[in-house]
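Accompanying notes for the structure given below.
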Amino acid sequence: MDHLRLITILLFSLLTNLCFAQTPNYFADGSRWVYHTHESGEPGQQLFHSTDEQNILHGDTLISGLSYFKMYTTRHNILNVYTFPGMLTFNSYDSIGPTFLRYDTLLKSVYYLPSIDSSERLIYDFDLQLGDTTPMQSQHFPTTIIRSIDTVSLFGIAVKRFFLTDVSDPYIEFFNYVLEGMGGSNGLAYYQPEYGWLGGGVFSTALRCFQYQDSIYAPYDGECPFIDFISAVDPVWTDQTLTISPNPTQGLFVITIGEELLNATCTIVNSIGQVTQSFKLTELNSTGQLSTPGIYFWRVEQEGRLIRTGKIICE
140 MDHLRLITIL LFSLLTNLCF AQTPNYFADG SRWVYHTHES GEPGQQLFHS TDEQNILHGD
200 TLISGLSYFK MYTTRHNILN VYTFPGMLTF NSYDSIGPTF LRYDTLLKSV YYLPSIDSSE
260 RLIYDFDLQL GDTTPMQSQH FPTTIIRSID TVSLFGIAVK RFFLTDVSDP YIEFFNYVLE
320 GMGGSNGLAY YQPEYGWLGG GVFSTALRCF QYQDSIYAPY DGECPFIDFI SAVDPVWTDQ
380 TLTISPNPTQ GLFVITIGEE LLNATCTIVN SIGQVTQSFK LTELNSTGQL STPGIYFWRV
440 EQEGRLIRTG KIICE
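Given below as structure tokens:
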């Protein structure tokens, strides 16, 4: 009789553990996601944007009685301008944060809060079933749904993989998915899927890697680069004095340099990739004029060495 009671207790304990098994949760302090976003092209297009983006969870805080991780984002923005017979590359950098993420273990959901005084929004629901609509949607497709679900191993733990697609697409997009407990392959707090050719100027995002403690998930090449505020992809020299002001400007601006940059070349292109100005910096304070409102990209080079890049807004 005692043996029967012991077996009953063990079976009850096993069933209880199975019923209440938690979804794997990789939203932890120090977790890091790296994404690459690229712009599609079409014949004759001169301007191509791309971005490498890193998201790191570091520290936590209480907001309205709820616990959130603080997320810090670093972006390395690259603009390639194709001009006959070559190409110009412009770099700019953004540091964003903190924004806030909250993992609800009971609902198996993740919420994103852009700022303390904003409203949180659902970005992941790991209990979705086939045919369910996803919390995050693409701006290029009517409705994104769960097309299929399988199971893969992530750091030795079996997790669900939710393949995403548009309701009008008859094919499974194998590059568009969400991993249970980790997040999406097409952006962490937004959804920019890979797709068939839609023309130029459309952006898609792919996960380069995810790091959890000492483990790395890198679906493409096994690499997981750390993106500093200044990237080594295209060396940028920061020790020279160089400022452009005012920015934004009403048209007139002044470039201030140190003596070491005398006779360097400044090139300015507009938002469609046309070179509007290119001139030598022969004085410590050089005056320039932008005649049309818009966003312009500038770069300063000296003896074939890239010194600095950036953007200036004309209002």
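If you want the numbering used here, it's the position in the sequence shown, counting the first as 1, plus 139. We treat Cβ as the ideally placed atom computed from N, Cα and C, and that holds for glycine. Keep in mind that this is a model prediction, so the values were computed, not measured.
Secondary structure of L293 (DSSP, three-state): strand. Apart from the 5 residues on each side of it in sequence, R171 sits with its Cβ closer than 6 Å to the Cβ of I195, Q350 in its chain, given in chain order. In this structure, DSSP gives L400 a helical state, which the three-state scheme calls helix.
Contact between D305 and I285 fails: their C-beta atoms lie close to 12 Å from each other, not under 8 Å. Here the C-alpha atom of T382 lies approximately 5 Å from the C-alpha atom of T395. Boundaries of the beta strand (DSSP E) harbouring Q441: 433-441, taken from the DSSP string. Taking C-alpha positions only, D243 is separated from R214 by approximately 28 Å. Scanning its chain for C-beta atoms nearer than 7 Å, with the 5 sequence neighbours on each side dropped, one finds around P364 the residues V173, in chain order. Assignment of A167 by DSSP, reduced to helix, strand and coil, places it in the coil class. Judged by DSSP secondary structure, H197 falls within the beta strand (DSSP E) whose first and last residues are 186-202.
Annotation: the continuous beta strand (DSSP E) that includes P237 extends over 225-243. Using a 10 angstroms sphere on the CB of K299, the tally of other CB atoms reaches 16 or more, which defines it as buried. Looking only at I255, P182, Q331, the smallest Cα-Cα distance to I202 is reached by I255. Setting aside the 5 residues that flank it on each side, S307 has no residue in the same chain whose C-beta is closer than 6 Å to its C-beta. Rounded to whole angstroms, F392 and Q416 show a C-alpha spacing of 13 Å. In this structure, DSSP gives F314 a state outside helix and strand, which the three-state scheme calls coil. By the neighbour-count criterion, in which 16 or more other beta carbons inside 10 Å mark a residue as buried, N424 falls on the exposed side. Straight-line spacing of the CA atoms in Q278 and K450 works out to 26 Å. Ranked by how close their Cα comes to the Cα of F436, the residues Q413, T426, L420, T421 have Q413 in first place. Distance from the Cα of E442 is smallest, within the candidate group A403, L429, L420, F418, for A403. Of the other Cβ atoms in all chains shown, 16 or more fall within 10 Å of the Cβ of L227; this residue is therefore buried. Excluding its 5 nearest sequence neighbours in each direction, G339 has C-beta neighbours in its own chain below 7 Å: S179, G180, E181, Q184, listed in chain order. Short of 6 Å from the beta carbon of Q193, and not among the five residues preceding or following it, lie these beta carbons of its own chain, in chain order: V173, T213, I366. Where C348 is concerned, the enclosing beta strand (DSSP E) starts and stops at 342-351. When only Cα atoms are considered, Q352 and A167 end up about 9 Å apart. Taking the CA atoms as reference points, F301 sits about 50 Å from G390. Of all alpha-carbon atoms in T421, R438, T388, P163, the one lying nearest the alpha-carbon of V291 is that of P163.
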